[in-house]
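If you read the protein sequences in the order shown, they are chains A and B. If you're matching positions, the first sequence starts at 1 in our numbering and goes up one per residue. If you're matching positions, the second sequence starts at 1001 in our numbering and goes up one per residue. Read through the structure below, which is laid out as structure tokens, and then see the notes.
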Amino acid sequence: MLEVISLGDYYAPINDAEPPPALRDEVNAICGERFRRIDRFIQLCLLGAARCAQGNDLDNHTGLYIGSRFAAICNTIQVQQQMFVQGQLPKPAQFINTLSNSAGYYVARNLNLQGKNIFVSRGNASLEAALQLAQLDLESGQIKQALIGVVDEGVQPTVQHCQRLGIAATTPLGEGSHWFLVRLGANESRGKLGIRPRGNPGLATIHAVATLADDSSLQEWLSHYALLHRRTFIYSNSLSKKLDDSLYSGLAAYNPHLDYYPANTGGALLRFIKQYTDASLITLSTDDAGRTHVTYSQTA
Amino acid sequence: MVTALGHGQKQNFDAMQSGKGLLRTCTLEGFDEPIQVPYLAVTDLAGEEGSATNHLEEILVAAVNEALSGVDLGDDDRKTLPLFIGSSSYGIGVGEQQYQQALAQEGEAVPLLLDGFTQVASCLRRRFGLLGPDYAYNTACTSSANALLDATASIVAGHHPYALVIGLETCNLTTLAGFYGMQLLAADAMRPFDKHRQGLILGEGCGVLLLQAAGPETSGIFISGGVSRCDTYSISASNPDGSEIARVIDDALNVSGVHASDIKAIKAHGTGSPLNDNGEAAGMRRVFASVPPFFSMKGYVGHTLGACGAIETALMATWLSARELPASAGFEHRDESLGVVPITKVQSADAGSYMLNFFGFGGNNCSLIIQSH
């Protein structure tokens, strides 16, 4: 059980008529240090993480977990084009930025974090993977707080990126950097430490994150969580997943008004927490193996 | 495990008995002039000639088959078995090949059409029916060491009876060209901690470990814990004064309840690059009043980057099971400035605590403690 104590957000729709919004000035304004030779994925991570950390006193052992389906894809595409079309070697900074954990390095440096620093990917369920790893470290007592971000950058031309994503070429696309500062839920903290956690009451509690192997496991999971709260909403980030009435009867579909990108479950959860009090959200991410990655959260 | 030395624990162990590393080269085509670089490739695979997908899957499947052989995993175990995967490159070599072929055939093509991070997990789902939660770590050279650490935590927490840890690295031009461009590659041999060390040689391979909980009476090789930390000194090197490396080693000893004097030997990261070996030697000297016997395995299998956590831990387990420690391949001349010398002959290994260190770009440092009893 994870208590959400702060949020940090960036979202923009992406189209081919104009370049994605420039981030440099905002990143420079919010970061304590002016970072050079960083790419857009790093900028997105710095911006979202800094917004989430604002006003919070982060312990320098706070765990850092970044989830993404594609990480620094624009930079990596550029490296591939330079090598295979122009016959050029990657420049050192450009090559280092293709490593996904370079973003974690800059976030850690900006926020003076020295603890665990993980980049993890699981397709469109990279938020769920990051939440599960953070929960593991919180439960073991290795960390007291976790800063979790799910980030995917927009790619132009969008028609090529739709091909990459395996979706219709006309699908409207977005990009986002969605961050959650979490600690162990009050009940678990009391059990582990014998005391209530310090600080403000949480904005929401993420009660469950799971990977379910098939539809029968999903049905069983839903039959438990869908009934826990009188006002429960459901969100699926899969364009192809049809919400079967028999599974989801009584649940209202939540619309976060986001265009498509792999990290949009993070955007949906973050918007729900901001928008609703005393309500629950179930998120679903399906994958091509027939698995469903689920979360269940309640807002304060 | 599969490495440039061979397929399986026995071939790797036997090849390391020689105390000598390999030297092979490969050519990077497509640049203004072909570039010749040292590279320790996996050879003798039965896969379709030239197919990067087949090459990746052959290496992966061979290593997983070895790890699962003799283990009776039921259908339910396979459906829920968590996969902790570490790699620096995942399927990028496959994506590169598709892009190059499309460019050659059509003149223009869409780069990176492949969902690279998912290549390993989706192969394991398809070939072995492993449907549990998968975690694709990408923290440079500590990727599969971090995977191992979290897999251990997951078992200790009682979330799963088993966990599968996979470290995989296969040949790709982005990595080779990137390291070549950064002038980090040795011209001929890798010489960790040697006075004449010039850099590293990259290698490919796969290490797989199946973990399960064990009681205190069980004999074998056990992971007792470890720590992963972030060092923000520089994105490409740890602080050369050794302070950050000392900190992660200290923390690993503390969380594992092991005193520095109890460490029997250290498997160093030992890349043979001047900066890494300076920082690592300084870090060991800060923590240990007398630095225990230590060695690098990279002189044998090359630097397998994100896979080195799993490959080198699997190799270490093999050596400790034989009650021996390997010589540090490539070392000949003492570097007085380091103040430490790796072991140069096979030594016997008693039961007790051993340390394995892994450091990576992006400030990722990881130290693990394993027990042999």
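For each residue, glycine too, the CB sits at the ideal point set by N, CA and C. Source: prediction; values computed, not measured.
- Whole-angstrom C-beta distance between SER1296(B) and PHE1193(B), which should lie under 8 Å: 7 Å
- Message: With a threshold of 7 Å on Cβ separation, who are the neighbours of ASP152(A) within its own chain once the five nearest residues in sequence on each side are excluded?
- Response: SER68, ARG69, PHE70, GLU175, GLY176, TYR261, PRO262 and ALA263
- Please report the residue range of the beta strand (DSSP E) in which ALA1163(B) lies. 1162-1169
- Message: Just to confirm, is the Cβ distance from ASN1278(B) to THR1142(B) under 8 Å?
- Response: no
- Give the secondary structure of HIS61(A) by DSSP, where H, G and I count as helix, E and B as strand, and everything else as coil. coil
- What residues in the stretch 1100-1123 of chain B have a beta carbon less than 9 Å from any beta carbon of chain A? GLN1100, LEU1103, GLU1108, ALA1109, VAL1110, PRO1111, LEU1112, LEU1113, LEU1114, ASP1115, GLY1116, PHE1117, THR1118, ALA1121 and SER1122
- Selection of the stretch 220-231 of chain A by Cβ proximity to chain B, strictly under 8 Å: none
- Message: If you measure between the beta carbons of TYR1162(B) and PHE1084(B), is that distance less than 8 Å?
- Response: If you check the CB distance, TYR1162(B) and PHE1084(B) do not come in under 8 Å.
- Message: Considering just the uninterrupted stretch of the alpha helix (DSSP H) at SER1144(B), what are its terminal residues?
- Response: Start and end: 1143-1156.
- Item | Inter-residue spacing [alpha-carbon to alpha-carbon] between ILE206(A) and LEU1164(B) | Cα to Cα, the separation comes out at about 27 Å.
- Task: For chain B, find out if any of its Cβ atoms is closer than 8 Å to the Cβ of ALA108(A); answer yes or no.
- Result: yes
- Task: Kindly indicate if chain A contains any beta-carbon less than 8 Å away from that of ASP1241(B).
- Result: Judged by the 8 Å Cβ criterion, ASP1241(B) is not in contact with chain A.
- Message: Tell me the DSSP secondary structure of MET83(A) in three-state form.
- Response: helix
- Query: Of the residues that make up the stretch 1224-1248 of chain B, which ones have a beta carbon closer than 7 Å to any beta carbon in chain A?
  - Reply: If the cut-off is 7 Å between Cβ atoms, the stretch 1224-1248 of chain B has SER1228, ARG1229, CYS1230, THR1232, ILE1235 and SER1236 near chain A.
- In chain A, which residues lie less than 8 Å from GLY1181(B) when you measure between Cβ atoms? LEU89, PRO90, LYS91, PRO92 and PHE95
- Where the stretch 1139-1171 of chain B meets chain A: residues whose CB sits under 8 Å from a CB there: THR1139, ALA1140, ASN1146, ASP1150, ALA1153, SER1154, VAL1156, ALA1157 and HIS1159
- Does TYR260(A) get closer than 8 Å to chain B when you measure Cβ to Cβ? no
- Determine, using beta carbons only, whether ALA1140(B) and GLY1362(B) come nearer to each other than 8 Å. In this structure, ALA1140(B) lies near GLY1362(B), with their beta-carbon atoms less than 8 Å apart.
- Query: So the alpha helix (DSSP H) SER223(A) belongs to, where does it begin and stop?
  - Reply: Element bounds for SER223(A): 215-225.
- Task: Tell me, please, whether the CB atom of GLY1362(B) is closer than 8 Å to any CB atom in chain A?
- Result: yes
- Task: Could you tell me the distance, in whole angstroms, from the CA atom of GLU64(A) to the CA atom of LEU1325(B)?
- Result: The sequence shown places Leu at residue 64(A), rather than the Glu named in the question. Their Cα atoms are separated by approximately 35 Å.
- Query: Hey, is GLY1215(B)'s beta-carbon within less than 8 Å of any beta-carbon in chain A?
  - Reply: no
- Query: Does THR98(A) get closer than 8 Å to chain B when you measure Cβ to Cβ?
  - Reply: For THR98(A), the closest Cβ of chain B is nearer than 8 Å.
- Anticipated Cβ contact below 8 Å, GLU1385(B) with MET1001(B), distance rounded: Since the first and last residues shown for chain B are 1001 and 1373, residue 1385(B) lies out of range.
- Item | Inter-stretch contact at 8 Å, needing at least 3 Cβ pairs: the stretch 100-111 of chain A / the stretch 1118-1130 of chain B | By the Cβ test, the stretch 100-111 of chain A is not in contact with the stretch 1118-1130 of chain B, since fewer than three Cβ pairs between them sit closer than 8 Å.
- Task: Can you have a look at GLY1199(B) and say buried or exposed, based on whether 16 or more other CB atoms are within 10 angstroms of its CB?
- Result: buried
- Query: How about ALA72(A) and LEU147(A): do their beta carbons lie closer than 8 Å?
  - Reply: no
- Cβ-Cβ separation, SER285(A) to THR299(A) (assumed contact under 8 Å), whole Å: Wrong, their Cβ atoms sit about 20 Å apart, outside the cutoff.
- Query: Is the CB of GLU1057(B) under 8 Å away from at least one CB in chain D?
  - Reply: Within the model displayed, chain D is absent; protein chains A and B are what it includes.
- Item | Own chain, CB closer than 7 Å to ALA1187(B), minus 5 neighbours either side, in chain order | Here the set comprises GLN1198.
- From GLU1106(B) to LEU1315(B), what does the alpha carbon distance come to, in whole angstroms? 45 Å
- Item | Inter-residue CB distance, GLY149(A) and GLY48(A) (contact presumed, cutoff 8 Å) | So it is a contact: roughly 5 Å between Cβ atoms.
- Query: Applying the criterion that 16 or more other CB atoms from any shown protein chain within 10 Å of the CB defines a buried residue, is ARG1191(B) buried or exposed?
  - Reply: buried
- Query: Could one say the Cβ of SER240(A) lies closer than 8 Å to chain B's Cβ atoms, at least one of them?
  - Reply: Here SER240(A) scores only 49 on pLDDT, less than 50, and its place in the model should not be relied on; the value that follows carries that caveat. It does not; no Cβ of chain B falls within 8 Å.
- Along the stretch 114-132 of chain A, what residues have a CB closer than 7 Å to any CB found in chain B? GLN114, GLY115, LYS116, ASN117, ILE118, PHE119, VAL120, SER121, ARG122, GLY123, ALA129 and GLN132
- Item | Within-8 Å CB hit, TYR1300(B) to chain A | no
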